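Numbering (the numbering used here), first residue to last: 524 to 593.
For glycine and all other residues, C-beta sits at the position ideal for the given N, C-alpha and C.
All figures in this text were calculated on a predicted structure; none of them were measured in a lab.
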């Protein structure tokens, strides 16, 4: 998965999570560890089989991202 911060892409391999909330929390922790100031919003995306960028906004999006990755 990709994490976009201020239109820059940061790639971070993360352990498998079960919920969107868990994923969001891990990304927030990643941002905080980078000490990036003033980041209040971020977008989590994956690329589908047609190479289209898809936003991960809920648990079903997260499960679809895992299915595409496999």
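For my contact list, residue i and residue j are in at a C-beta cut-off of 8 Å; report their separation, rounded to the angstrom.
{"i": "residue 593", "j": "residue 567", "result": "With 8 Å as the limit, residue 593 and residue 567 do not qualify as a contact, their Cβ atoms being about 18 Å apart."}
{"i": "residue 578", "j": "residue 584", "result": "7 Å"}
In the DSSP assignment, find the unbroken alpha helix (DSSP H) run with residue i in it and report its ends.
{"i": "residue 570", "result": "Here residue 570 belongs to no alpha helix (DSSP H); instead the beta strand (DSSP E) covers 566 to 570."}
{"i": "residue 539", "result": "Counting along the chain, residue 539 falls outside any alpha helix (DSSP H), and DSSP gives it neither H nor E."}
{"i": "residue 563", "result": "Unbroken run through residue 563: none, as it is neither H nor E."}
Taking the alpha-carbon positions, what's the residue i to residue j distance?
{"i": "residue 555", "j": "residue 565", "result": "12 Å"}
{"i": "residue 558", "j": "residue 538", "result": "21 Å"}
{"i": "residue 468", "j": "residue 582", "result": "Because the chain here runs from 524 to 593, residue 468 falls outside it and cannot be looked at."}
{"i": "residue 562", "j": "residue 580", "result": "18 Å"}
{"i": "residue 543", "j": "residue 591", "result": "16 Å"}
Spell out the partners DSSP gives residue i in its beta bridges.
{"i": "residue 577", "result": "569"}
Using only alpha-carbon positions, find the residue among the options that is nearest to residue i.
{"i": "residue 571", "options": "589, 538, 582", "result": "589"}
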